[in-house]
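Numbering (our numbering), first residue to last: 92 to 623. To start, the structure under review is shown below, and the notes come after it.
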Ligand code: NA7
């Protein structure tokens with residue numbers, strides 16, 4: 092059957108743009124991207140909240156597939172902010188002439204597989220219908236917004252926003268009383284910026300978080316020149332490391348050094364800033380509770396040293412989960428912001444929000460008058476963006492039904508019963524635990540190599556087998572037991588969404604090991620997949 096396209100790609104973020112380039116320009120297939128937003132950029136199109144900035148450093152939070160691109164693009168800061176990353180992705184779309192095959196303002200609502208013809212039919216909100224041979228989900232891990240169901244929101248007479256659906260024209264907080272709910276990476280980035288503008292900012296905190304300073308700064312021209320000269324080697328390092336960073340991880344155990352030595356390591360990394368605090372300090376802080384306690388205690392000490400009011404400092408000190416068992420945020424002046432006169436911290440763990448009122452919100456014990464409410468309450472991570480579409484595989488089976496007890500995938504790339512559907516950075520792959528562009532390029536390369544292999548062999552249908560999928564799901568679970576992630580109620584385990592099955596979502600075995608699994612599978616003629 093002649094389909095409208097060979098490949099349809101859902102989403103025009105980092106994944107979708109690169110997938111279009113690979114499928115159209117490298118494989119020469121008829122490919123098209125369907126994108127819900129009215130511009131490209133994915134995460135960086137949607138997340139325009141004040142302070143939105145990448146926690147990975149600019150020189151490696153970028154594509155590696157084109158040497159020309161990496162040589163011609165100039166990043167300005169150690170950590171790029173949202174407008175700069177969005178400008179970069181728009182540049183990529185123009186430079187590789189991608190726009191002519193991207194259809195904007197087109198939200199996919201369903202995808203149905205025809206078992207006889209081996210064709211996917213994709214329907215959009217605008218009631219268009221397209222057929223395709225291959226369907227690539229590039230919908231992102233953190234795009235299904237979570238606005239908590241707090242009674243009374245519809246009554247609120249002020250303005251309210253979720254950070255990931257921020258108005259393009261921005262929000263003027265001047266003279267406003269702002270309430271911010273949520274202290275994950277987003278809330279931690281937004282707090283200092285909103286506080287600097289608002290009349291008053293009240294931060295409603297359910298769980299305190301461990302944050303390390305980012306130490307953002309303009310890129311030093313000499314350093315940048317060196318990076319450009321050594322880009323290939325740095326990219327190779329990102330591919331060979333567990334987290335996709337171009338740094339050599341520490342091989343020391345936090346338990347094998349003296350207190351002074353350990354403290355000196357943490358002090359140095361606190362000064363340097365960024366994620367290096369996690370992987371550059373000691374190899375066991377994410378895996379061994381005693382090692383983790385040393386890092387957690389160091390950060391709590393820093394919080395107490397920074398925040399002047401002792402009661403506020405105590406409230407900001409996390410005690411109920413290990414450091415980095417939730418996604419570790421990095422910040423610019425987060426803890427310092429609580430020394431401002433116009434900022435208040437409210438503990439909604441001990442005194443939860445009961446309702447939103449016409450003029451603010453009410454906890455069990457107090458009322459807060461607010462002009463604006465900002466929800467920095469995160470996402471239905473990793474599965475939400477896929478399940479918000481009605482995806483039906485062979486025999487009409489709904490993905491939502493298949494995943495009712497948690498996602499089941501082979502390598503996070505394919506789902507048994509859903510032939511020719513590939514999920515870029517899907518659940519069961521390292522994805523969010525890796526510097527995302529590295530994870531994305533690896534996935535898109537694997538998928539496009541697989542499709543090229545199929546063309547060479549003259550087969551048109553590929554599907555994960557149930558047995559291989561079961562084995563991978565078991566392996567993902569077993570690998571997670573080596574970490575401390577089950578000890579925190581985080582989106583990594585789906586605990587942030589009421590009613591969501593608690594199960595580890597990303598693969599925690601590390602990118603390097605994961606890559607080996609993927610490469611070996613391909614080298615064995617896609618072992619674990621049925622091709623016909
Ligand atoms: P996160 O990390 O999921 O953080 C959401 C925050 O919102 C977190 O502090 C939550 O508290 C809080 N939250 C969520 N639901 C509620 C309700 N119902 N009431 C009160 N507070 C709530 O999302 P982010 O946007 O910060 O970051 C997502 C990722 O984007 C980040 O990890 C990076 O990878 C980029 P909780 O901790 O659940 O008690």
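The beta carbon of each residue, even a glycine, is placed where N, CA and C say it ideally should be.
Nearest candidate by alpha-carbon position, reference residue i, set the options
i	options	result
residue 487	582, 207 and 426	207
residue 178	513, 343, 127 and 153	153
residue 130	192, 117 and 141	192
residue 239	289, 223, 272 and 156	272
residue 249	188, 136, 419 and 451	451
residue 590	304, 541, 497 and 574	497
residue 518	527, 526, 501 and 393	501
residue 570	520, 111 and 539	520
residue 94	456, 225 and 315	225
residue 465	202, 261, 148 and 106	261
residue 604	561, 533 and 363	533
residue 574	344, 494, 317 and 378	378
residue 263	449, 196, 433 and 463	463
residue 183	311, 426, 360 and 163	163
residue 197	558, 552 and 103	103
Residue i - containing beta strand (DSSP E), residue span
i	result
residue 251	250-253
residue 534	Note, residue 534: premise wrong, no beta strand (DSSP E); alpha helix (DSSP H) at 527-548.
residue 205	199-205
residue 459	458-460
residue 227	220-228
residue 580	Unbroken run through residue 580: none, as it is neither H nor E.
Check: residue i C-beta below 6 angstroms from any heavy atom of the ligand NA7
i	result
residue 276	yes
residue 390	no
residue 272	yes
residue 528	no
residue 511	no
residue 468	yes
residue 141	no
residue 298	yes
residue 239	yes
residue 307	no
residue 582	yes
residue 430	no
residue 233	yes
residue 418	yes
residue 321	no
residue 587	yes
Run of the alpha helix (DSSP H) containing residue i, from where it starts to where it stops
i	result
residue 160	158-163
residue 105	105-111
residue 328	322-331
residue 124	Where residue 124 is concerned, there is no enclosing alpha helix (DSSP H), although the beta strand (DSSP E) it sits in stretches over 122-125.
residue 176	173-186
residue 475	475-478
residue 137	134-137
residue 213	Residue 213 -> not in any alpha helix (DSSP H); beta strand (DSSP E) instead, spanning 210-215.
Identity of the residues DSSP links to residue i by a beta bridge
i	result
residue 291	268
residue 236	470
residue 620	555
residue 464	251 and 270
residue 424	Looking at the DSSP assignment, residue 424 forms no beta bridge with any residue, so it has no partner.
residue 506	Partner(s): none; residue 506 has no beta bridge.
Contact under 7 angstroms by Cβ, residue i with residue j
i	j	result
residue 109	residue 307	no
residue 295	residue 447	no
residue 475	residue 235	yes
residue 620	residue 555	yes
residue 529	residue 623	no
residue 390	residue 382	no
residue 583	residue 576	yes
residue 399	residue 430	yes
residue 120	residue 134	no
residue 485	residue 204	yes
residue 597	residue 490	no
residue 436	residue 406	yes
residue 480	residue 210	no
residue 581	residue 420	no
residue 637	residue 342	The question about residue 637 has no answer, for the chain in this structure spans 92 to 623.
residue 302	residue 422	yes
residue 305	residue 364	yes
residue 136	residue 128	yes
residue 161	residue 322	yes
The ligand NAP heavy atom lying under 6 angstroms from the CB of residue i
i	result
residue 171	By its list of ligands, the structure shown excludes the ligand NAP, since it contains just the ligand NA7.
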